[in-house]
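Asker: Input: one structure, supplied below.
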Amino acid sequence: SPCYIDKNCDIDIASRRITRGKFANCGQTCIAPDYILCDKSIQDKLVEKIKETLKEFYGEDVKQSPDYERIINKRHFKRLLALMEGQRIVHGGTYDEETCYIEPTVIAEVNPESKIMQEEIFGPLLPILSVKNIDEAINFIK
């Protein structure tokens, strides 16, 4: 499920809604957003708002939050780590294999041909891709 964020949107509202949907149950829900398409001019601001929202939802140390879950099993955990390989992580990215913990992770400048964009993520990894306008976003989604 892609999300498109126009440069004229309310970034605070968009950030809260996407963050809640993506990171609830550690991203392991069928209705979680898969990735964000946004105007390049708002990407940095969006990333900052997502960071603020994560701190609000889970506190300073997400790993210690009673509200942040873990990955369901080791096999799925390792699959998610493989999706992170070679990506430009702009927030998060830490993990603990022993507890199947993966920090909420935001990834920027994602190659549309990369594995993370070709497979279902089903975890706390949120790719962000830049588009010029809604038409480019629609064409990408098609």
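Per the UniProt record's numbering, the very first residue in the sequence shown carries number 1; after that it's consecutive. Where a beta carbon is used, it is the ideal one built from N, C-alpha and C, also for glycine.
With which residues is residue 2 paired in a DSSP beta bridge?
Answerer: BP columns for residue 2 point to 35.
Asker: If distances are taken between C-alpha atoms only, which option among 79, 94, 36, 22 comes closest to residue 127?
Answerer: 36
Asker: Compute the distance between the beta-carbons of residue 129 and residue 80, then report whether it is under 8 Å.
Answerer: no
Asker: Where does residue 106 sit, in a helix, a strand or coil, going by DSSP?
Answerer: Under the three-state reduction of DSSP, residue 106 is assigned to strand.
Asker: Extract the residue ranges of the beta strand (DSSP E) inside the region 14 to 99, only unbroken runs of 3 or more that lie entirely within it.
Answerer: Those beta strand (DSSP E) runs which fall completely within the region 14 to 99 and span 3+ residues are 35 to 39, 88 to 91.
Asker: Going by CA-CA distance only, name the one from 42, 142, 118 that's closest to residue 5.
Answerer: 42
Asker: Give me the Cβ distance between residue 11 and residue 46, rounded to the nearest whole Å; I'm assuming they're in contact under 8 Å.
Answerer: Taking C-beta atoms under 8 Å as the contact rule, residue 11 and residue 46 qualify, at a distance of about 6 Å.
Asker: Expressed to the nearest angstrom, what Euclidean distance is found between the alpha-carbon atoms of residue 104 and residue 25?
Answerer: Their backbone Cα atoms lie some 11 Å apart in a straight line.
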